[in-house]
Each structure stands twice: as structure tokens, then as C-alpha cells.
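Just so you know, the sequence shown maps onto residues 736 to 1025 in our numbering. A virtual CB, placed ideally from N, CA and C, is assigned to each residue, including glycine.
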Amino acid sequence: LVAIEDLDCSLCYRLLLEPITTPCGHVFCKECLYRSLDHNPFCPLCKEALCKYMVLRPQATTESLNWLMEKQFGEELDARKRNHLSELATAACRGEDIPIFVCTLAYPDLSCPLHVFEPRYRLMMRRCLESGARQFGMCVWLDKPHYSQIGTMLEIQDLRYLSDGRSVVTTLGRRRFKVQSRGKRDGYDVAKVQYISDKFIPQEKVQGHQLLETYDKCLKWFNGLAPEKRQAIINCYGNFPQFSRWLWYMVAILPLETSVKTSLLSNPSLECRLVTLQKVLNVVSSRNWR
């Protein structure tokens, strides 16, 4: 007979959950193995290199062990699964706290490609995917150890693993937010946030011609940039957008201080953002910034 202790993971010392067998023949919980590989690309027991395994990231579990645990320790396995789901919901942004990636400024409706190499952020990305939330907050550093009070939610569009455990993540900006309180979870930042929505503006306050005039100025300035600068912007943010998301595109590419861009992100007034953008365009145009 098999004792339940014989089916404990050698990393977390709990009943194996989604057991995975490595090429070298050792068995771990899937989550435990991946957390170990976040720090070191070797088997936790025998130290065999698992670089190829890290690229493939096989999702199949060891069915014989699953069958054995369900057959002999069904109640204990169900309790283990419930506990894991609870931990996962808490760790992702399904509770009051959302995970915060501290790196750069991100903007609504704009792509934000990320190269993830720190173990804490590898863990964060995996939890966001496994929980189904696929979202996390992005804030920029101010004066370390402090990060900005204003940020943008990013949605994971794609994630590709490299052989050493790093990953290339494609994300898209969603809602803006303001940090209400801060905390830590397993090495990365978390925060309670309040989402920022634009205030309703009466039709007469922002006329269509004002939007169109500002849009035309922005497009003219963009087309007047030196070809190499324009191409660098396109490589990062894509072509100059149509009328729907051009304002955040301009905030991202204009030569502004981080504090000014953060202020624009936090501003709930479209009218104020347009006025600020027009002033900035007048300044950069007068200085012939190309």
C-alpha cells in the first residue's frame, strides 16, 4: 500500500498537485517546479539541466500518479485543489489587490512589449495566466523604492518562453488606475487601486473641430520627424493610429518628462488633455524637435 506521505512533493511537502515528471525522472507539483525554474534552470534534486524543457513547458501531468491519488486519496486531493484555487485567486488580480509590475509607463489601447527575466515577475506572469485573469498593473519607478501612484492595467496577449526561463510578453493597455494602498506578495508588489474614468463632457465643451484640429497637428508633427525616429516609434507602438486612440499614442511618443506623462494619465478630463497636448505641440514645433 502507498502512504499519503509517499505522494508529497519534495519542494512544498504537500500532496502532489498536477504532478509533472521531469526528463531526469523526478516528480514535482507543476507550480512548485516552475517556481524553482524561475530561479535556476536545473532539476531541484539532481541538478540536471532543463533548458529544453523550459522552452516546451509541457502541460501534461503524470496520469498514473493522478489516477492513484484520485483512487486512494480523493478527499485529500479535492481539498488540495480547493486550497490551490484559493491561493491562485488571491495571487492574481481577482481579489482586492492587483499585482503590480514596476518598470515603465503604459497607456490605454497601446501595446507594451515586455522582456521578463526577474524570478518574481516570472511568477506573476504565470499566475496571471493560470488564474485566467491575464491582467496586471504597470507602474513606473519614481525615486526607488517608490513607484508611481498612477498606472495602467495591461492585458497579456501572448507569452513566449526562452530556453533560460526568460519570457517575451506581448501586452495591451487597458484601464488607468490610482494606487490606494501598497503591499507585497511573494516578492512582487501588489496594490489596492481605484480605476480612473473620463468625466462626462457636454458636447459644446469639446467640439469635433477641436479634436480634428489637434489630430491634424499631431499627424503633421509625426510625419515631419526624421525617418529614423519615425521608424523607431513605429517599431515600438505601431503606425500612427486612426482617430480612436491617437491621443495616448502622442502622449507616449512626445519628448515629455515622466511626471508630465503621469499627470496626463491621471487626468480624467479629455478637454484638459487636449489643451495640454496643443501646448506641448506648439513648444516642440517652435524648437524644431525632429
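Cβ neighbour criterion (16 or more within 10 Å) applied to residue i
i, result
"residue 950", "buried"
"residue 983", "buried"
"residue 809", "exposed"
"residue 922", "exposed"
"residue 870", "buried"
"residue 735", "Because the chain spans 736 through 1025 in this model, residue 735 falls outside it and cannot be assessed."
"residue 817", "exposed"
"residue 1014", "exposed"
"residue 834", "buried"
"residue 748", "exposed"
"residue 1012", "buried"
"residue 786", "exposed"
"residue 902", "buried"
Between the CA atoms of residue j and residue i - distance to the nearest angstrom
i, j, result
"residue 831", "residue 961", "46 Å"
"residue 906", "residue 843", "11 Å"
"residue 767", "residue 820", "15 Å"
"residue 980", "residue 928", "24 Å"
"residue 754", "residue 765", "6 Å"
"residue 964", "residue 975", "13 Å"
"residue 814", "residue 1001", "43 Å"
"residue 874", "residue 1007", "22 Å"
"residue 881", "residue 742", "43 Å"
"residue 857", "residue 900", "8 Å"
"residue 867", "residue 794", "16 Å"
"residue 988", "residue 859", "28 Å"
"residue 985", "residue 824", "36 Å"
"residue 837", "residue 745", "32 Å"
"residue 946", "residue 926", "35 Å"
"residue 948", "residue 788", "54 Å"
"residue 971", "residue 990", "15 Å"
"residue 1021", "residue 993", "21 Å"
Beta-bridge partners of residue i, as assigned by DSSP
i, result
"residue 843", "DSSP output for residue 843 lists no bridge partner at all."
"residue 929", "913"
"residue 750", "743"
"residue 886", "912"
"residue 875", "838"
"residue 907", "846, 890"
"residue 762", "756"
"residue 817", "In the DSSP output, where bridge partners are listed per residue, residue 817 has none listed."
"residue 896", "902"
"residue 950", "Answer is none; residue 950 lacks a bridge partner."
"residue 924", "835, 919"
"residue 870", "890"
Residue span of the alpha helix (DSSP H) that contains residue i, given as start and end
i, result
"residue 774", "765-774"
"residue 1013", "1005-1021"
"residue 962", "962-972"
"residue 865", "854-866"
"residue 987", "981-988"
"residue 737", "Counting along the chain, residue 737 falls outside any alpha helix (DSSP H), and DSSP gives it neither H nor E."
"residue 806", "798-807"
"residue 996", "993-1001"
"residue 781", "Here residue 781 belongs to no alpha helix (DSSP H), and DSSP marks it neither H nor E."
Cβ-Cβ separation, residue j to residue i (assumed contact under 8 Å), whole Å
i, j, result
"residue 934", "residue 1003", "5 Å"
"residue 931", "residue 913", "6 Å"
"residue 895", "residue 769", "Not a contact, Cβ separation roughly 15 Å."
"residue 846", "residue 973", "7 Å"
"residue 854", "residue 774", "5 Å"
"residue 888", "residue 917", "With a Cβ gap of about 16 Å, residue 888 and residue 917 do not count as contacting."
"residue 953", "residue 1016", "7 Å"
"residue 763", "residue 779", "7 Å"
"residue 740", "residue 759", "Contact flag wrong, Cβ pair sits at about 23 Å."
"residue 849", "residue 996", "Not really, about 18 Å apart at Cβ, beyond 8 Å."
"residue 904", "residue 803", "With a Cβ gap of about 36 Å, residue 904 and residue 803 do not count as contacting."
Delimiting residues of the beta strand (DSSP E) encompassing residue i
i, result
"residue 851", "849-851"
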